[in-house]
Each structure stands twice: as structure tokens, then as C-alpha cells.
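So the structure is just underneath, and the comments pick up after that.
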Ligand code: SF4
Ligand code: SF4
Ligand code: SF4
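Protein chains in written order, with my numbering: chain A, 1 to 301; chain B, 1001 to 1083.
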């Protein structure tokens, strides 16, 4: 339905997407793609060279983000996005490493890694798309599933209180903690931009509708209805103490930037403490194309 | 007078309606026509109100719509070949 115009129309988001992989596998009304728009604009506005950005995802619907983005992207085993990203960052500290994954992957299967990366203040940006369920594996209850919510493994409602991830990573020592929903596209973009320009462990939780596996069983079978619900229930409280931001089914959704503190990150401390004993890795082969593979490194064939 | 317009890639659309609902000036509506996968893509019901703000594009989870502003000098789409 577009009008005929004499200038090129180009959606800048396409610059960071692998367009040959689009359309995505995501269901109609799923919010993951919306969060990708905010991320794309935030990343493009920072001016960071895309060759120096790596995206790591674990398993799950949100884990597909790494496959759709046109950067060095890694889709790793369930729950292990953070340890993989940690290795990547330590081996090549120049990289901007982003972990883009879901709540089931990051907080349930990989919960331990999340705590320790926050404690170490590892220089990573972690975007956690929270749809409150294990979606891709069939709608099982996750640590983030609110109490009383119906899922395939909790047909009578869950008996467990949900995890407040923002509180957890704050307590563990993250230097930046924020939460938005995919309804807040512009605020999310701004927060992502801010987080991309900061050092240390930065955590952004993004609530996103999953009409297929969460909503359908909990009276929100339509992504649009879930979006309107976010709009109604969200309350922006920047700087709110994270222990007051628990997500309760049907209750207020506290959103905003909760924590922004300065704390030396792991690499800085490591370099300081090692002093002269710190040796950065030699340049990698592809950074010096003329060098190629040295003869003596070659096998005897 | 429209200050912008949208480009819709109909075949990528999944008919979620986010763009229709969250357009600040209520420009869009879902069409009654189907795309190849059976979804109803949006069209401009009230094109004069479009500011080209691209909020619809920000909301679209399937990268199927993009709002753009007309260049200042003309304020109107000139005749042209490009879609
Ligand atoms: S199952 Fe849920 S989270 Fe996964 S793509 Fe569908 S709506 Fe999105
Ligand atoms: S560009 Fe803005 S005004 Fe135009 S249809 Fe999209 S959201 Fe509405
Ligand atoms: S937001 Fe995108 S996928 Fe949803 S109806 Fe609009 S164009 Fe289609």
C-alpha cells in the first residue's frame, strides 16, 4: 500500500538483519521481533562498528535472535549463552558482546551463570526477553512463571512464587539493571543505547507476549491483548529499589531503569592485579590477512 | 496533509495488528485481503494523517512495515518509479 516516491525507501533495521532468514519463525503476536527493532536502532545509533559486535543466544524462541542478526552470532547450548559470551569477551576484549536470550534459558537453565557473571561484573550486555514460560520446548513452567499461572507442567496453576530477575542481578552486583515491556519500544531503545555505551554487567529485562504458549492458557491468547495489558499495568519508576519490582500475575508491572552504578569490571580488575604479568592475545589471523598461516604451524601433509 | 507514508511488505506480515493499534494518528487498518500465508496485512485507511514517524515499524515484530517522512521541499510524494 505504499505511495510511489522518487527516493529510496530503506528500513535501517534491515542493515543488521540477515534478510534471507526473514520471515522469522515467531508466531503472530509474539513480541520478540519488536524488541529486535529497539535493539537495532539502539545499536545503529551508537555507531559501534558491526564487525566488532557479537551476539550470543541460548536455546528458545528468543534464542533465534542471534540467527537473524547479521553480525558474528552464536547459538549455543541451553543456558550457556553467558559462559560462552564470557569466553568471547575475555579472548577478544575489543568486542561488544551481547547476550540475547530468553528467561527460561538465562534464569532457569543458566541461572547460575547469570548470578556469577553479575557478581564478576563481566563486561556483557544481557537482553533477557521474558515471556514467563519455556516457549519453544512446549510451554513448561519456568522460574519466571508467575504463581497461579497455568502451563503444560502446572495444569492447576503453579505453586511456586516467580523469580524477580531484576532483584537477583542487582543483588549479585550488576552495574546496570532495567526492565521494559515490548510496548515501550522507544524507552527500550533509549535504555539499550545507554547500556551499550556502558561497561560492566548490564542487564535489560524485556517483557514480551507469548500468545501461543503462555497467553493461550492464561486469558491472553492474543499478542495485541497482551500489549494493551502491558500498557495498562505498567508503571514507570526509574530508580525503584529492585525488591519492590516483583512481577505478580495481574499486578502492577514496574518498569524503568532501576540500577546504574559504577563498579570496576572483571577485565579492568584482572589487568590491574596482573600488572606486568598481563599479556593480551596476539593479533588474530584475520586481522592481519597478509600473515596467513605460518609454514611451521602447518601440519606435515 | 500527509507528511509521510508507509511501505508494507505484505508477504512478511502476520496480521498481529500492533501497527494498527499503536499508530498515534490511527492511519492504518487491517485489510480484508489475505497474503499468501492467510494473514491480513495493514493498509493506509487514512493516509493524510500519516506523519512518517515509523512507530508502526518499531512495533512490527516481522519487519513488514516501515514509516518514512517525505523530503521537506516537496511535502508531497513526487511521481517516481521506485516502490
Ligand atoms: S511460542 Fe511464544 S515466544 Fe515462541 S515464537 Fe510463539 S509466541 Fe513467541
Ligand atoms: S508512520 Fe507513524 S503516523 Fe504513519 S502509519 Fe506509521 S505509526 Fe502511523
Ligand atoms: S505490526 Fe507488522 S506483522 Fe503486525 S499487522 Fe502490522 S505489519 Fe503485520
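For glycine and all other residues, C-beta sits at the position ideal for the given N, C-alpha and C.
Return the Cβ separation of residue 16 of chain A and residue 40 of chain A in integer angstroms, given the expectation that the two are a contact with Cβ distance under 8 Å. Along the first chain, read from residue 1 onward, the residue named residue 16 of chain A stands at position 16. Along the first chain, read from residue 1 onward, the residue named residue 40 of chain A stands at position 40. Confirmed, Cβ separation roughly 5 Å.
Applying a beta-carbon distance threshold of less than 9 Å, which residues of chain A neighbour residue 1038 of chain B? By one-based count along the second chain, residue 1038 of chain B stands at place 38. Correct list: empty, because the minimum Cβ distance to chain A is about 10 Å.
Distance, Cα to Cα, residue 51 of chain A vs residue 93 of chain A? For the purposes of this step, residue 51 of chain A is identified with residue 51 of the first chain, where counting begins at 1. For the purposes of this step, residue 93 of chain A is identified with residue 93 of the first chain, where counting begins at 1. Their backbone Cα atoms lie some 14 Å apart in a straight line.
Since residue 174 of chain A and residue 118 of chain A should fall inside the 8 Å C-beta cutoff, what is the C-beta to C-beta distance between them, to a whole number of angstroms? Reading the first chain from its first residue, position 174 is the one you call residue 174 of chain A. Reading the first chain from its first residue, position 118 is the one you call residue 118 of chain A. In this structure residue 174 of chain A touches residue 118 of chain A by the C-beta definition: roughly 4 Å separates them, less than 8 Å.
Residues in the same chain with beta-carbon distance under 7 Å from residue 1063 of chain B, minus the five sequence neighbours each way, listed in chain order, please. By 1-based counting over the second chain, the position of residue 1063 of chain B is 63. These residues qualify, in order along the chain: 1012.
So for residue 83 of chain A, helix, strand or coil by DSSP? Reading the first chain from its first residue, position 83 is the one you call residue 83 of chain A. It is helical.
Can you say whether residue 1048 of chain B is buried or exposed, counting buried as having 16 or more other CB atoms within 10 angstroms of its CB? Along the second chain, read from residue 1 onward, the residue named residue 1048 of chain B stands at position 48. So residue 1048 of chain B counts as exposed.
Ignore the nearest five residues each way along the sequence and tell me which others in residue 179 of chain A's own chain have a CB closer than 6 Å to its CB. For the purposes of this step, residue 179 of chain A is taken as the residue at position 179 of the first chain. Cβ neighbours of residue 179 of chain A beyond the five flanking positions: 166, 205, 255.
Chain-ordered residues, beta carbon under 5 Å from a heavy atom of ligand 1: So the residues near ligand 1 by this Cβ test are A:26, A:27, A:30, A:61, A:131, A:135, A:210, A:212, A:213.
How is the alpha helix (DSSP H) around residue 10 of chain A delimited, first residue to last? Mapped onto the first chain, residue 10 of chain A falls at position 10. Run containing residue 10 of chain A: none; DSSP gives neither H nor E here.
Which same chain residues end up closer than 6 Å to residue 1046 of chain B when comparing Cβ atoms and leaving out the 5 residues on each side of it in sequence? Stepping through the second chain from its first residue, residue 1046 of chain B is reached at position 46. Within the same chain, residue 1046 of chain B has close Cβ partners 1027.
Could you compute how far the alpha carbon of residue 281 of chain A sits from the alpha carbon of residue 44 of chain A? By 1-based counting over the first chain, the position of residue 281 of chain A is 281. By 1-based counting over the first chain, the position of residue 44 of chain A is 44. Spanning the two alpha carbons is a distance of roughly 28 Å.
In chain order, what residues of the region 116-140 of chain A put their CB closer than 8 Å to some CB of chain B? none
Provide the residue(s) that pair with residue 1069 of chain B in DSSP beta bridges, ordered along the chain. One-based indexing of the second chain puts residue 1069 of chain B at position 69. Bridge partners of residue 1069 of chain B: B:1004.
Could you compute how far the alpha carbon of residue 187 of chain A sits from the alpha carbon of residue 1016 of chain B? As a first step, residue 187 of chain A must be located in the first chain, where it is residue number 187. As a first step, residue 1016 of chain B must be located in the second chain, where it is residue number 16. Spanning the two alpha carbons is a distance of roughly 22 Å.
Of the listed residues B:1069, B:1050, B:1008, nearest to residue 1040 of chain B (C-alpha basis): Along the second chain, read from residue 1 onward, the residue named residue 1040 of chain B stands at position 40. Nearest of B:1069, B:1050, B:1008 to residue 1040 of chain B, Cα basis: B:1008.
Is there a Cβ from chain A that is less than 8 Å from the Cβ of residue 1035 of chain B? Here residue 1035 of chain B corresponds to residue number 35 of the second chain, with the count starting at 1. So no, residue 1035 of chain B is outside the interface.
Considering just the uninterrupted stretch of the beta strand (DSSP E) at residue 128 of chain A, what are its terminal residues? Locating residue 128 of chain A in the first chain gives position 128, where the first residue counts as 1. That run of the beta strand (DSSP E) goes 125-130.
Does the beta-carbon of residue 236 of chain A have 16 or more other beta-carbons within 10 angstroms, so that it is buried, or is it exposed? Working through the first chain from its first residue, we reach residue 236 of chain A at position 236. Residue 236 of chain A comes out exposed.
With 16 other Cβ atoms within 10 Å as the buried cut-off, status of residue 84 of chain A: Position 84 of the first chain, counting from 1, holds the residue named residue 84 of chain A. So residue 84 of chain A ends up on the buried side.
Can you tell me whether residue 1080 of chain B is buried or exposed? The criterion is at least 16 other CB atoms within 10 Å of its CB, across all chains shown. On the second chain, position 80 is the one that residue 1080 of chain B refers to. Residue confidence for residue 1080 of chain B is low, a pLDDT of 39 falling below 50, so the modelled location carries little weight; the figure read from the coordinates is stated next. Of the residues assessed, residue 1080 of chain B falls on the exposed side of the cut-off, its CB having fewer than 16 other CB atoms within 10 angstroms.
Drop a sphere of 10 angstroms on the beta-carbon of residue 214 of chain A, count the other beta-carbons inside from all chains shown, and report buried for 16 or more, exposed for fewer. Translated into the one-based positions of the first chain, residue 214 of chain A becomes position 214. Per the 10 Å Cβ criterion, buried.
Comparing C-alpha positions only, which one of B:1058, B:1067, B:1071 sits nearest to residue 1050 of chain B? Residue 1050 of chain B sits at position 50 when you count from the first residue of the second chain. Of the candidates B:1058, B:1067, B:1071, the one whose C-alpha sits nearest the C-alpha of residue 1050 of chain B is B:1067.
Using 8 Å as the limit for Cβ to Cβ distance, is residue 1029 of chain B near chain A? Counting from 1 along the second chain, the entry for residue 1029 of chain B is found at position 29. It does not; no Cβ of chain A falls within 8 Å.
Residue 39 of chain A versus chain B: which residues are under 8 Å apart at the beta carbon? For this step, residue 39 of chain A is matched to residue 39 along the first chain. In chain order: nothing, as chain B lies at least about 11 Å away.
At a threshold of 7 Å, does residue 1025 of chain B count as lining ligand 2 (C-beta to nearest heavy atom)? Taking the first residue of the second chain as 1, we reach residue 1025 of chain B at position 25. Residue 1025 of chain B: yes, Cβ under 7 Å from ligand 2.
Given that residue 1058 of chain B touches chain A, what residues does it touch there, using C-beta distances under 8 Å? In the second chain, counting from the first residue as 1, residue 1058 of chain B sits at position 58. Per Cβ cutoff of 8 Å: 34, 37, 38, 41, 185, 186, 189.
Is the region 23-37 of chain A in contact with the region 58-71 of chain A, if contact means three or more CB pairs nearer than 8 Å? yes
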